[in-house]
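Those protein sequence lines, which keep their order, are chains X and C.
Here the first sequence is numbered in this note's numbering, starting from 1 and rising by one per residue.
Here the second sequence is numbered in this note's numbering, starting from 1001 and rising by one per residue.
Just so it is clear, CB atoms sit at the ideal spot from N, CA and C, and this is done for glycine as well.
Only a predicted model underlies this, so the values are computations on that prediction, with no experimental measurement involved.
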Amino acid sequence: AQSVTQPDIHITVSEGASLELRCNYSYGATPYLFWYVQSPGQGLQLLLKYFSGDTLVQGIKGFEAEFKRSQSSFNLRKPSVHWSDAAEYFCAVGPLSGGYNKLIFGAGTRLAVHP
Amino acid sequence: EAGVAQSPRYKIIEKRQSVAFWCNPISGHATLYWYQQILGQGPKLLIQFQNNGVVDDSQLPKDRFSAERLKGVDSTLKIQPAKLEDSAVYLCASSLVTDTQYFGPGTRLTVL
C-alpha cells in the first residue's frame, strides 16, 4: 500500500543551526514528491516538489530536498534555520497519472526553533 | 492572483447538527479537493472533483458527508449529522488538471 512516513514527530533546533527532516515513502512506481509547510491556523504552503530530473530540488525560503530512489527517501534540508521556520512540515506523495491527482500525506513533523 | 478561499474559518456545533463549508478555488483551476485534517495527522483526501464531476470519493463517509461543485467553480462540503469524531480542519485545495495543489486556509470544525 502507498504510504508516507515521517519518523520525527517533533524536532527542536537552535536558530542558525542546520535542519534535516526525514521522509520515507512506499510506492509502486516513481512517485511525485512534495513538501508542504503549515503555520498555525494556516493552510498548507508548497515548499518544493520533485517530478523528475535532478534529484536535488530547490524550493522557497532556502529549503532543498534530495530524492534518493534506493532509500525511498525525500529528506528536506535547510543550512541555517530562522525563527520564522517554526511550523509543521508535511511530506506527500502523489501518482499524478490517469487524470487523478491524489496526494498521500505523512503525519507531519513539528519544528520548534530556539533563539 | 487570489488564492483558494474558504469560509467560515471556524465553526462550533453540537453533535447531530448539520454544517456546511464553502470553497472558491483559484480561477481557472479545473480540479478541486476537500481534505480532512484531524489533529496530529496529515490531511486525508475526502473527495476530488474535476470540473463538475467526482473523480475520487472513496474516503468520503457518504452516510453523513456530501459535496457538490456546481458549474465547475465553487464547492460546498456538508456534514449531516455531525459526530464528535468529525472535529477537524477541513482544507480545500485546487489545481490545474494534474499539477501542484494549492491549499486554502481551512475551516476548523469543533463538534461538542
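Rounded separation between residue i and residue j - CA only
i                   : j                 : result
glutamine 1050(C)   : aspartate 1057(C) : 12 Å
leucine 19(X)       : serine 80(X)      : 7 Å
phenylalanine 74(X) : asparagine 24(X)  : 6 Å
glycine 62(X)       : leucine 111(X)    : 16 Å
proline 1043(C)     : proline 115(X)    : 30 Å
glutamine 1017(C)   : arginine 1064(C)  : 11 Å
glycine 98(X)       : leucine 1096(C)   : Caution is warranted here: a pLDDT of 49 is assigned to glycine 98(X), below 50, making its placement in the model unreliable, and the coordinate value is therefore given only provisionally. Whole-angstrom Cα-Cα distance: 14 Å.
glycine 1040(C)     : serine 1027(C)    : 31 Å
glutamine 58(X)     : glutamine 1080(C) : 44 Å
For residue j and residue i, believed in contact at Cβ under 8 Å, the rounded distance
i               : j               : result
tyrosine 36(X)  : glutamine 42(X) : At roughly 11 Å, the Cβ-Cβ gap does not stay under 8 Å, so tyrosine 36(X) and glutamine 42(X) are not in contact.
leucine 1070(C) : valine 1111(C)  : Going by Cβ atoms, the distance from leucine 1070(C) to valine 1111(C) rounds to 26 Å, so no, they are not a contact pair.
Closest by C-alpha distance to residue i, when choosing among the options
i                  : options                                        : result
threonine 1076(C)  : Gly1040(C), Gly1003(C), Leu1112(C), Leu1046(C) : Leu1046(C)
glutamate 66(X)    : Gly106(X), Thr109(X), Leu33(X), Ser26(X)       : Leu33(X)
asparagine 1024(C) : Ile1013(C), Leu1039(C), Thr1031(C), Gln1006(C) : Gln1006(C)
tryptophan 1034(C) : Pro1081(C), Ile1013(C), Asp1074(C)             : Asp1074(C)
valine 88(X)       : Ser3(X), Pro31(X), Ile11(X), Ala1(X)           : Rather than valine, the amino acid found at residue 88(X) in this sequence is glutamate. Closest option to glutamate 88(X), Cα to Cα, is Ile11(X).
cysteine 1092(C)   : Thr109(X), Leu103(X), Tyr50(X)                 : Leu103(X)
glycine 108(X)     : Trp83(X), Asn101(X), His82(X), Leu76(X)        : Leu76(X)
Classification of residue i by the beta-carbon crowding that lies within 10 angstroms, buried from 16 upward
i               : result
alanine 92(X)   : buried
alanine 1088(C) : buried
tyrosine 85(X)  : For clarity, residue 85(X) is aspartate in the given sequence; the question names tyrosine instead. Aspartate 85(X) is buried by the Cβ-count criterion.
alanine 29(X)   : exposed
alanine 17(X)   : exposed
valine 1054(C)  : exposed
Beta carbon of residue i nearer than 8 Å to that of residue j
i                    : j                : result
valine 1004(C)       : tyrosine 1102(C) : yes
phenylalanine 105(X) : glutamine 38(X)  : no
serine 26(X)         : glutamine 2(X)   : yes
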